[in-house]
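Written below as structure tokens is the structure these notes are about.
The following block contains the structure:
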């Protein structure tokens with residue numbers, strides 16, 4: 001439950017990073033940068049399951065910390081590691097949730113810095129597409145939360161909780 005669909009998200013981002021690094025290596029302009037983000041926007045739907053499952057993942061994590069002392073010790077020791085900048089698993093679990101709004105901010109900033117004649121339309125299109133995906137993800141999350149509430153109430157009425 002905790003890392004549900006994270007592998008798919010990782011693949012999407014690894015592929016994007018590779019394309020972005022190639023672009024930076026081989027180009028001095030932002031002309032096609034918008035195209036990279038537009039292509040990424042088409043793949044951001046991969047975040048849907050992770051985002052919809054996030055609350056369940058957090059509850060599962062908290063339950064594991066309570067139920068399994070060795071797991072709790074591992075988490076506490078991990079937090080102390082300087083290479084993790086004293087962040088715990090919760091800090092890392094939220095990262096995929098925050099990524100798409102950060103893309104919107106990045107593309108907005110990029111749009112303001114892009115000359116009208118050099119890739120502006122591509123960046124604008126990419127920004128619009130990422131915003132559209134973010135809207136759809138937010139809507140999907142609301143629907144998933146409503147469904148989870150119904151299941152929770154049903155479980156409560158049936159005495160399963």
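Residue numbers (this note's numbering): 1 to 161. Just so it is clear, CB atoms sit at the ideal spot from N, CA and C, and this is done for glycine as well. Note that the coordinates shown come from a computational prediction; the quantities given were computed from them, not determined experimentally.
Quiz prompt | Residue range of the unbroken alpha helix (DSSP H) whose run includes residue 119 | solution = Translated into the one-based positions of the chain shown, residue 119 becomes position 119. Looking at the DSSP string, residue 119 is not in any alpha helix (DSSP H), and its letter there is neither H nor E.
Practice problem: Leaving out five residues on either side along the sequence, give the residues of the same chain with a beta carbon under 7 Å from the beta carbon of residue 89. | Solution: Here residue 89 is taken as the residue at index 89 of the chain shown, counted from 1. Same-chain partners within the cutoff: 61, 75.
Quiz item: Under a three-way DSSP split, which group does residue 23 fall into?
Solution: By one-based count along the chain shown, residue 23 stands at place 23. Helix.
Self-check item: Cβ contact check for the stretch 44–57 and the stretch 3–12: 3 or more pairs under 8 Å
Solution: yes
Quiz item: Does the stretch 119–136 come within contact of the stretch 31–43, defined as at least 3 CB pairs closer than 8 Å?
Solution: yes
Quiz item: If we call anything under 7 Å between Cβ atoms a contact, is residue 100 one with residue 67?
Solution: As a position in the chain shown, residue 100 is number 100, starting the count at 1. As a position in the chain shown, residue 67 is number 67, starting the count at 1. No, they are not a contact pair.
Practice problem: Just tell me which of 32, 55, 115, 72 has its CA closest to the CA of residue 141. | Solution: Translated into positions along the chain shown, residue 141 becomes position 141. The shortest Cα separation from residue 141 among 32, 55, 115, 72 belongs to 55.
Quiz prompt | Whole-Å CB distance - residue 127 paired with residue 150, under 8 Å assumed | solution = Against the chain shown, residue 127 aligns to sequence position 127. Against the chain shown, residue 150 aligns to sequence position 150. That pair is no contact at about 35 Å.
Practice problem: For residue 14, count neighbouring Cβ atoms within 10 angstroms of its own Cβ and tell me buried if that reaches 16, exposed if not. | Solution: Position 14 of the chain shown holds residue 14. Its Cβ having fewer than 16 others within 10 Å, residue 14 is exposed.
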